[in-house]
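Asks: Once you've had a glance at the structure underneath, I'll fire off some questions.
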Amino acid sequence: MGLFILRRLWVMILTALALTYIVFFLTNLYPNLEKLAKSQGNFRMTDAQVETYLGNRGYLQSTPLKYAQWLGVAPGWVITGTDGETRARCAAPGAAAETATTFCGILQGNWGFSTVFKDGVGSIVATRLALTGKLMFWVMVLMVPSALLLGVLAGMREGTRTDRALSTVAITTTATPEYVSGVILIAVFSSSAVGLKWFKGTATSAMENATFENFFLPVLTIALYGMGYIARMTRASMAEVMTAQYIRTARLKGVSFPNIVMKHALRNALIAPFTVIMLQFPWLLNGVVIVETLFNYKGFGWTLVQAAGNNDIELLLGVSVVSVFVVLVTQLISDIGYVYLNPRISVS
Amino acid sequence: MKQVGCTPYARETQEMKDIYDGPILEIDVLSISFFTRLREIPAVMDFSVKVMPGEAVGLVGESGCGKSTVALGVMQDLGKNGRITGGTIKFKGRDLGQMSVEELRKIRGSEIAMIYQEPMASLNPAMKIGKQLMEVPMIHQGASEKEAYDRALQVVTDVKLPDPKRILDAYPHQLSGGQQQRIVIAMALMSEPALLILDEPTTALDVTVEASIVDLVKDLGRKYGTSMLFISHNLGLVLETCDRLCVMYSGEAVERGSIADVFDEMQHPYTQALFRSIPLPGADKNSRPLVAIPGNFPLPHERPPGCNFGPRCDYFEAGRCDQGTIRMRPVKGNDRHETRCLRFEEIDWNAPLAAAITKDKGMIGDVVLKMEDLKKYYEVSANALFGKSGETKVVKANETLSFEARESETLAIVGESGCGKSTFAKVLMGLETATAGQILLDNRNIESTPIERRDTKTIADVQMVFQNPFDTLNPSMTVGRQIIRALEIFGIGKTEADRRERMLQLLDLVKLPRAFADRMPRQLSGGQKQRVGIARAFAGDARIVVADEPVSALDVSVQAAVTDLLMEIQREKKTTLLFISHDLSIVRYLSDRVMVMYLGHVVELGTTDQVFSPPYHPYTEALLSAVPIADTRVKKKHIVLEGDIPSAMNPPPGCPFQTRCRWKSQVPGKLCETEVPPVRRMADGHQIKCHLSDAKFAEMEPVIEIAAE
Ligand SMILES: Nc1ncnc2c1ncn2[C@@H]1O[C@H](COP(=O)(O)OP(=O)(O)OP(=O)(O)O)[C@@H](O)[C@H]1O
Ligand code: SF4
Ligand code: SF4
Ligand SMILES: [Mg+2]
């Protein structure tokens, strides 16, 4: 098992490198840099000025080299610019270039500096991630058990009225995107339009102090979307398992129906949805972007929107790296869980 | 709670088990229908059978005749759309149909147990074997975990599995097919049921494994006094296991009686036709060919009026057989022997087979195909999931294969799963290339030419008929079109019209009506599909046809027709037929020479007579003994092989057969375990790969003897 995880980790690191390189490459395309130069310097720069500005700040080096510096495996640039000033990648803002260390990439913990928030990317990502983590935690707490319950109940007796009713619910929830369900939920439960002012329409206050009142709607909005999908998967998987020969064997052995479901069907039926739950993660991150913006909850998704909207290259990169890792870690957990649930896959 | 609820019941059933001495199972005029959106499908009609204590009753019939439906009816588990529409099923005098869900649950698994066809599918893949077994006494006898474990251990020992403790701790996928089936049997026997229903319990298994399972079931039945309902399509198997027999046709019982009565004094035309269509010893493709049952099995909703068998019956009498309902009638003089035929008293049952047209044997011609020391090794990575790294293992699928095949000759290749039959076929077809050795087709080497690089002539010359006619035809193309496609590939016919004409001729050749050209594959029965497969194979006038178990997926009554067709085309076209099969009866019937394979080695090669009579290779001997023969006159030597076929990944050292060989002790020293035996010439054209001395070979007795009448 240890070896398996090691091997997986290795694959993960390679994937992360490849993916971040792509993001790096895209954010470092010349038009983006030009925009950056103009927004940082001044908007009326000529093309030549843009070029010197960028050249002086190391932006015109080759992408692989810049990437290596960003990672922290190549020494950071020290450039004596055309204006005579010596700048260094690793120099702290305001400090002299001579005092800078040689390496300063993410490996050294230097994630760069956000131009929007005027703060280190590392600390921004950390605080925002924690906030989103809180949101996701409650989403999972709400979504997974209810989705599995829904799916198992529906799939247990395929074709019955319960099944049809539950399936309709599940389809409706997945078919409704977050920006629709979010708006509807706000309209129904927190605006004066309907008058049910049960919850708050904004979750800003939930960042410090989450209560049922200010946090339930965003959690529900994300959970609803994922729930329907997982419930459908569970239902299909459960329904299939219930028609398997070995369920008939169990029935003809005299096992009672509740025991058939609990002891014989459940574990087999959960193998497929388990992977799906984990694969849902990246998709939920989508929802996070929408919901955080909608409810003005300043988490990771909201930060991403800000970074992208303001051409904040370093922050965007940091956010991407973290997203890639979140996705890959969930994949790893999914693989390990799959192996654990499914005895037919043995790991030596 | 469970404890309290179960114990009195357990005592009650215990008493019931003791005092009851009437029939264990009594099915009376049972009718079962399935209700689909389109119509009602009457799957079983007017079906009666009685099983007495300790008795084994066989239920025989072709696919779709309703055997499994009867079994599931007894279990009261017909699914959502199935319903009993008439009659009763009594178990120990109590009507199962009247029982509540709870009462049924208590009987299932404890008093009636069922075993069905696919062992792998009947075990829960995510639950340890031990737990699955222990569940039974824990539910029914309220046993504690410890008691249940002890019982499981004992039963697993009873079904002769090695290392029971380890097996209890294993998951189903870690066992072989034969072992899984033993576990399923063990599970059924956990609470010593009064009735055991076996639905084709060995169909998925190899012959030698099948023989040992059948042996086990018989032994255990005797030991525990269990009554059995044994469902099978194989008459030979029923002969070996059962006391009584019930033949079903299209949802009805057509004949019922003791094994001896039904086998030797059959009183129904269908039973007779069935026996005439299976290759018994003595049948011969030229002098006494099989007689296929004409026509097809009627679908449940398309049954004819009057006798269901009428349209296919040789004794059909218009005006009588096609009217009203026909009831079961007792046959006088025999014990509980009944038949559903109006004319059974008028038919002369001993009349010899209407002089079958004897055919001339095709002259065997020149050598067409020659294999020399052909080897095919596969490299597989030891760890399938995380390939790439790690060492690779070599699977020796074919080990030094040498033989030749002549024009108009049928060479049978016999062996069980994993012996390398199909690999050999693939190499010959060019789907794989050989590792070493050579294949000479008309003295041209083709062993390392993959199919893409073969010229059309070679491709057309070497063709194949596959085992499963269901997935070799393109479902969305008409039959005619598929044959024309084959003609195009072989470059036959100049114009479309030419090819169409040729296609119609091919349909004639395989005896399909020309109108079938416009049909879709799904509109054909299994036998008809296989005919299309044959037509396609012969489209380019193939000279060598590899038939990989061409009839094993078909029903008994259709098998005969398809085999005969192959033989006839062979006679006409002088084709060399390589007939791959595990069914020795059919091999004996149609082949000129036989090659027996075991774990990639050719262990015996000779003419059919040489292989089927002593001296045998020890494996051939066991194989012959394992094949059930549906003839009461046949006396077989009883040889049961221990254990399973070793995996080809991990073959034993020395002789491949040494792990299961009963002659091994007759070879001095450790020769069998250390050295691969040499190929020995026994007689002209007869070779055996074994260390046994000539004296030992001379001692061997025939396995199959036909008692003189
Ligand atoms: N669930 C079902 N719905 C509709 N028709 C069914 C159903 N199950 C069986 N049938 C039909 O009932 C008839 C009897 O089927 P059954 O499975 O009992 O045959 P069988 O004798 O066991 O065949 P085999 O040898 O292939 O196992 C067939 O015509 C089949 O198509
Ligand atoms: S009743 Fe008539 S058709 Fe039916 S089996 Fe007897 S003779 Fe044949
Ligand atoms: S060589 Fe030995 S083990 Fe192999 S078949 Fe002959 S006697 Fe048996
Ligand atoms: Mg069946």
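Protein chains in written order, with the numbering used here: chain A, -13 to 334; chain B, 2 to 710.
Using N, Cα and C, we set each Cβ at its ideal position, and we do this for glycine too.
For B:E453, count neighbouring C-beta atoms within 10 Å of its own C-beta (all shown protein chains included) and say buried if the count is 16 or more, exposed if not.
Replies: B:E453 comes out exposed.
Asks: Can you check the stretch 65 to 142 of chain A for any alpha helix (DSSP H) of at least 4 residues that lies completely inside it and give the ranges in chain order?
Replies: Fully enclosed alpha helix (DSSP H) runs of 4 or longer: 107 to 142.
Asks: Tell me the rounded alpha-carbon separation between B:T576 and B:P669.
Replies: Each residue's alpha carbon lies about 45 angstroms from the other.
Asks: Our contact map puts B:A536 next to B:L555 with C-beta atoms below 8 angstroms; I'd like the distance itself, whole angstroms only.
Replies: The Cβ separation is near 16 angstroms, so there is no contact.
Asks: Which residues share a DSSP beta bridge with B:I28?
Replies: Bridge partners of B:I28: B:V50, B:I90.
Asks: Take B:Y402 as the anchor and find which of B:L600, B:V160, B:T675 has the nearest alpha-carbon.
Replies: Correcting the residue identity first, residue 402 of chain B is Leu in this sequence and not Tyr. The option with the nearest alpha carbon to B:L402 is B:L600.
Asks: Let me know if B:A538 comes out buried or exposed under the rule of 16 or more other beta-carbons within 10 Å of its beta-carbon.
Replies: Buried: at least 16 other Cβ atoms inside 10 Å.
Asks: Just to confirm my understanding: we take A:L51, look at its own chain, exclude 5 residues before and 5 after, and list those with CB closer than 7 angstroms. What are they?
Replies: Contacts found: A60.
Asks: What residues of chain B sit near A:G240, judged by a beta carbon separation below 7 angstroms?
Replies: Ordered by position in chain B, the residues that pass the 7 angstroms Cβ test against A:G240 are R106, K107, R109, G110, S111, I140, H141.
Asks: Going along the chain, which residues of the stretch 51 to 78 of chain B sit with their C-beta nearer than 8 angstroms to a C-beta in chain E?
Replies: Among the chains of the structure shown, chain E does not appear; the protein chains present are A and B.
Asks: Using a beta-carbon distance below 8 angstroms, is A:Y326 in contact with chain B?
Replies: False, the Cβ-Cβ gap to chain B never drops below 8 angstroms.
Asks: Please name the residue in B:H302, B:G258, B:T450 whose C-alpha comes closest to that of B:G334.
Replies: For B:G334, the nearest C-alpha among the options comes from B:G258.
Asks: Any heavy atom of ligand 3 within a distance shorter than 7 angstroms of the CB on B:L625?
Replies: No, Cβ of B:L625 sits at least 7 angstroms from all heavy atoms of ligand 3.
Asks: If the cut is a Cβ gap below 8 angstroms, which residues of chain B does A:T148 touch?
Replies: The contacting residues do not exist; A:T148 stays about 15 angstroms from chain B at best.
Asks: Going along the chain, which unbroken runs of the beta strand (DSSP E) with 3 or more residues stay wholly within the stretch 454 to 523 of chain B?
Replies: Listed in chain order, they are 463 to 466.
Asks: Rounded to the nearest angstrom, what separates B:P43 and B:P551 at their Cα positions?
Replies: Between B:P43 and B:P551, the C-alpha separation is close to 31 angstroms.
Asks: Compare the beta carbon distance of A:Y211 and A:T158 with 8 angstroms and say whether it is the shorter of the two.
Replies: Cβ atoms of A:Y211 and A:T158: not closer than 8 angstroms.
Asks: What is the residue span of the beta strand (DSSP E) that B:F231 lies within?
Replies: 228 to 233 is the span of the beta strand (DSSP E), which, as asked, contains B:F231.
Asks: Does the structure place the stretch -9 to -1 of chain A close enough to the stretch 307 to 326 of chain A that three or more beta carbon pairs sit under 8 angstroms?
Replies: Contact between the stretch 307 to 326 of chain A and the stretch -9 to -1 of chain A is present, because at least three Cβ pairs lie under 8 angstroms.
Asks: Here's the rule: buried if 16 or more other CB atoms are within 10 angstroms of the residue's CB, otherwise exposed. What is A:W124?
Replies: Buried.
Asks: Contact criterion: CB-CB distance below 8 angstroms. Does B:E136 meet it with respect to chain A?
Replies: Interface residue, yes.
Asks: Do the stretch 237 to 251 of chain B and the stretch 639 to 656 of chain B touch if we need at least three Cβ pairs shorter than 8 angstroms?
Replies: With a cut-off of 8 angstroms, the stretch 639 to 656 of chain B and the stretch 237 to 251 of chain B do not count as touching, because too few Cβ pairs lie within range.
Asks: Closest Cβ-Cβ distance between A:P329 and chain B: below 8 angstroms?
Replies: For A:P329, the answer is yes, since a Cβ of chain B falls inside 8 angstroms of its Cβ.
Asks: If you count every other CB in all the chains shown that lies within 10 Å of the CB of B:D96, and 16 or more means buried, which is it?
Replies: That one is exposed.
Asks: Which partner residues of B:H692 appear in the DSSP bridge assignment?
Replies: Paired residue(s): none; B:H692 is not in a bridge.
Asks: Would the C-beta of B:R344 count as close to ligand 2, meaning under 7 angstroms from any of its heavy atoms?
Replies: Flag set: Cβ of B:R344 near ligand 2.
Asks: Tell me which same chain residues have a C-beta within less than 6 angstroms of the C-beta of B:T86, skipping the five on either side of it?
Replies: Excluding sequence neighbours, B:T86 sits near S32, S34.
Asks: Please name the residue in B:A212, B:L197, B:L206 whose C-alpha comes closest to that of B:F231.
Replies: Looking at the Cα atoms, B:L197 is the closest of the given residues.
Asks: Between B:V668 and ligand 3, is the CB less than 7 angstroms from at least one heavy atom?
Replies: Yes - ligand 3 has a heavy atom lying nearer than 7 angstroms to the Cβ of B:V668.
Asks: With respect to the beta strand (DSSP E) encompassing B:F298, which residues constitute its N-terminal and C-terminal limits?
Replies: It is not in any beta strand (DSSP E) - B:F298 carries neither H nor E in the DSSP assignment.
Asks: If you check the beta carbons only, do B:T633 and B:F310 fall under 8 angstroms apart?
Replies: Not in contact: B:T633 and B:F310 (Cβ atoms no closer than 8 angstroms).
Asks: Is any heavy atom in ligand 5 found nearer than 7 angstroms to the beta carbon of B:K665?
Replies: Among the ligands in the structure shown, ligand 5 does not appear; only ligand 1, ligand 2, ligand 3 and ligand 4 can be found there.
Asks: Could you check if A:K104 is buried or exposed, using at least 16 other CB atoms within 10 Å of its CB as the buried criterion?
Replies: The residue is exposed, with fewer than 16 neighbouring Cβ atoms inside 10 Å.
Asks: Which first and last residues belong to the beta strand (DSSP E) in which B:L199 is found?
Replies: Per DSSP, B:L199 belongs to the beta strand (DSSP E) from 196 to 200.
Asks: How far does the alpha helix (DSSP H) with B:A254 in it reach, from first residue to last?
Replies: Taken as a continuous stretch (DSSP letters only), B:A254 belongs to no alpha helix (DSSP H), being part of the beta strand (DSSP E) at 253 to 259.
Asks: Do B:S123 and A:Y232 have their C-beta atoms closer together than 8 angstroms?
Replies: Yes, they are a contact pair.
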